[in-house]
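Have a look at the structure below, then the notes.
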């Protein structure tokens with residue numbers, strides 16, 4: 004009998020290892036402190052967003068080191084080394100003990116309402132990052148503040164009570180209004196007028212595409228948007244009409260001939276918006292009333308209420 008060569012044995016072991024490491028479809032949680040959700044199965048692909056530790060996601064399929072997953076409203080690829088399967092609880096007549104969390108001081112909330120200023124704020128069942136997730140709350144969501152629990156607020160949203168991290172809640176001003184960063188966003192975005200368009204670009208040194216430009220500007224205000232116009236529209240909060248637009252809001256457009264979102268810009272007021280226009284062009288200002296942008300307008304999202 005002919006013995007396999009070292010190369011053949013190595014190839015066979017790699018194939019078997021790949022098969023062994025394939026993950027079954029199901030619900031998993033992120034084990035890394037921060038895990039990139041990418042546009043494709045590899046580190047060379049752009050990051051859509053960062054997923055925090057404990058984030059739950061649904062895995063559809065995996066191949067090698069990468070898995071296709073749904074993370075809330077977003078889809079993309081993550082490295083399988085940083086996933087842990089959330090197993091369904093086995094039937095057991097003995098009830099599981101209630102989870103225990105660190106005791107935190109309780110006091111009155113500073114206001115009756117607060118606004119979410121994280122692009123996706125985890126709404127949990129207890130004031131602890133290990134607590135179960137109720138749902139993610141998008142940027143701009145207004146919630147009822149019931150009590151302050153240390154670094155957390157006990158809140159009510161859509162009739163459900165739970166906890167959110169207080170650092171990502173903006174309180175209203177003395178007139179009961181939520182201060183707007185819109186003009187600051189517009190002022191910063193204007194600094195990049197004339198910067199070149201580059202597909203996949205999201206920094207001044209490389210140039211910008213439309214989603215990368217919006218993402219970069221808002222990153223300067225501690226708001227981490229996902230990559231891509233479509234992902235930004237699906238991931239973010241309050242959808243508004245054109246009549247409700249304020250400076251700093253995001254405006255979205257159909258891609259040519261696709262019937263899907265293909266472009267995004269930042270509204271700057273008086274019917275105008277700033278955007279990374281198209282290949283061969285630059286960051287520029289256009290009016291929403293111009294031919295293409297008028298006929299391809301898709302919708303808008305409130306970002307600074």
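Residue numbers (our numbering): 4 to 308.
Backbone N, C-alpha and C fix where the C-beta goes; we use that ideal spot for every residue, glycine too.
Q: Please work out which residues of its chain come closer than 8 Å, Cβ to Cβ, to residue 223, disregarding the five sequence neighbours upstream and downstream, and give them in chain order.
A: 191
Q: For the beta strand (DSSP E) holding residue 290, just list the boundary residues, first then last.
A: 286-290
Q) Are the Cβ atoms of residue 255 and residue 301 separated by less than 7 Å? A) yes
**Q.** Sub-7 Å separation of residue 87 and residue 32 beta-carbons
**A.** yes
(Q) Measuring alpha carbon to alpha carbon, tell me which residue in 178, 265, 244 is nearest residue 202. (A) 265
Q | Three-state secondary structure assigned by DSSP to residue 120 | A | coil
Q | Distance between beta carbons of residue 253 and residue 269, contact taken as under 8 Å | A | 6 Å
Q. For residue 263, is the classification buried or exposed, using 16 other Cβ atoms within 10 angstroms of its Cβ as the cut-off for buried?
A. exposed
**Q.** Start-end ranges of the beta strand (DSSP E) lying completely within the stretch 127-212, minimum 3 residues
**A.** 136-141, 145-152, 155-160, 163-168
Q.
Suppose contacts are defined by Cβ-Cβ distances below 7 Å. Is residue 173 in contact with residue 118 by that definition?
A. yes
Q: Measuring alpha carbon to alpha carbon, tell me which of 160, 251, 294, 30 ends up nearest residue 217.
A: 251
Q: Could you pull the start and end residues of the beta strand (DSSP E) that residue 87 belongs to?
A: 86-88
Q. Is residue 26 closer than 7 Å to residue 60 when the C-beta atoms are compared?
A. no
Q | Own chain, CB closer than 6 Å to residue 37, minus 5 neighbours either side, in chain order | A | 53
Q. Hey, quick one: how far does the beta strand (DSSP E) through residue 303 stretch, first residue to last?
A. 300-304
Q: Taking only the alpha-carbon atoms, compute the straight-line gap between residue 129 and residue 56 and give it to the nearest angstrom.
A: 16 Å
Q: Write down the C-beta distance between residue 214 and residue 197 rounded to the nearest angstrom, noting that I regard them as a contact closer than 8 Å.
A: At roughly 19 Å, the Cβ-Cβ gap does not stay under 8 Å, so residue 214 and residue 197 are not in contact.
Q: Might you give, ordered along the chain, the residues of its own chain that have their beta carbon closer than 6 Å to the beta carbon of residue 290, omitting 5 neighbours on each side?
A: 274, 275
Q) If you count every other CB in all the chains shown that lies within 10 Å of the CB of residue 161, and 16 or more means buried, which is it? A) exposed
Q: Return the CA-CA distance between residue 14 and residue 84, expressed in angstroms with no decimal places.
A: Only weak support exists for where residue 14 lies, its pLDDT of 45 falling under 50; the value from the coordinates is given anyway. Approximately 22 Å between the Cα atoms of the pair.
Q. Beta-carbon separation of residue 30 and residue 71 under 7 Å?
A. no
Q) Which residues share a DSSP beta bridge with residue 269? A) 253, 277
Q. Beta-carbon separation of residue 249 and residue 185 under 7 Å?
A. yes
Q) Just the Cα atoms here: how many angstroms apart are residue 154 and residue 259? A) 47 Å
Q) Got a sec? Which residues, its chain only, sit under 6 Å from residue 49 by beta carbon, not counting five neighbours each side? A) 42, 203, 230
**Q.** Start-to-end residues for the beta strand (DSSP E) that takes in residue 29
**A.** 29-33
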